[in-house]
Amino acid sequence: MNSNFLSKIGLSNFDIGYLFLILFIVAIVLLVLLIVALVQIHSFKNKYQKFMQGKNASSLEKDIMSLYEDNVFIKSSMEKNKKDIEELFTKHQTAFQKLGLVKYDAFKEMGGKLSFTLALLDENNNGFLMNSVHSSDGCYSYTKRVKNGDSEIALSNEEKVAIERAMKGTASNPDAE
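Under our numbering, the first residue of the sequence shown carries the number -11, and numbering increases by one thereafter.
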């Protein structure tokens, strides 16, 4: 079967059966693509309806604006918290953090370990010693400044132990001494 159209475009020897076969294959491919597209559209439509459930465009816009405002608030709160933490850290460095306590008998005739030495130090081992000496006449207390774990004034053995315990972080168990 010869076609005038095919002979005009230079395909007079082309069998028309091949043309129908090619068109049939293209139609099948297009039908498959159409089915895939319809399935994707249906899936997207279900997701969209689930997302928009009970909402319209204006209420969705309000939700998005609310989330944006919450995000801005959280960021500003986070910055404030960061500054507060830095300030607390700076203050914490100079706060007394380490404690050393030594209970002892200042005089042989006095028992019960009523005298004590207390060392309070900060992060840099600066602070003070408080020594309380209990005698039969009364109780006498005095302090010594501690800088970098040492004092400019001579230290007793109990004071040295109290500073050592404070620097090690082993305050002591007064009942165990």
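In this text, a Cβ means the ideal position worked out from N, Cα and C, and glycines have one as well.
Let me check understanding here. Comparing Cα to Cα, which of F(-7), E49, C127 and E57 lies closest to F104? C127
Which of helix, strand or coil does DSSP assign to E147? helix
Measuring alpha carbon to alpha carbon, tell me which of I16, T78, N1 and A154 ends up nearest D138. A154
Any C-beta of chain C sitting closer than 8 Å to the C-beta of H80? Given the protein chain composition of this structure (a single chain), no chain C is represented.
Hey, quick one: how far does the beta strand (DSSP E) through S120 stretch, first residue to last? G115 to H122
Have a look at the DSSP bridge pairing and note the partners of F104. K91 and S120
Less than 8 Å between the beta carbons of A150 and L76, yes or no? no
Taking all protein chains shown into account, do 16 or more other C-beta atoms lie within 10 angstroms of the C-beta of T(-2), making it buried, or fewer, making it exposed? According to the sequence shown, residue -2 is Gly rather than Thr. Exposed, because fewer than 16 other Cβ atoms sit within 10 Å of the Cβ of G(-2).
Considering K33, what are the terminal residues of the alpha helix (DSSP H) in which it resides? I4 to F39
On the premise that H122 lies in contact with H83, defined as a C-beta separation below 8 Å, what is that separation, rounded to the nearest angstrom? Note that residue 83 is Ala in the sequence shown here, rather than His. Contact flag wrong, Cβ pair sits at about 29 Å.
Would you mind working out which of F116, N136, K135 and E140 sits nearest S129, comparing C-alpha positions? F116
Using the C-alpha atoms, what's the distance from E49 back to Q41? 14 Å
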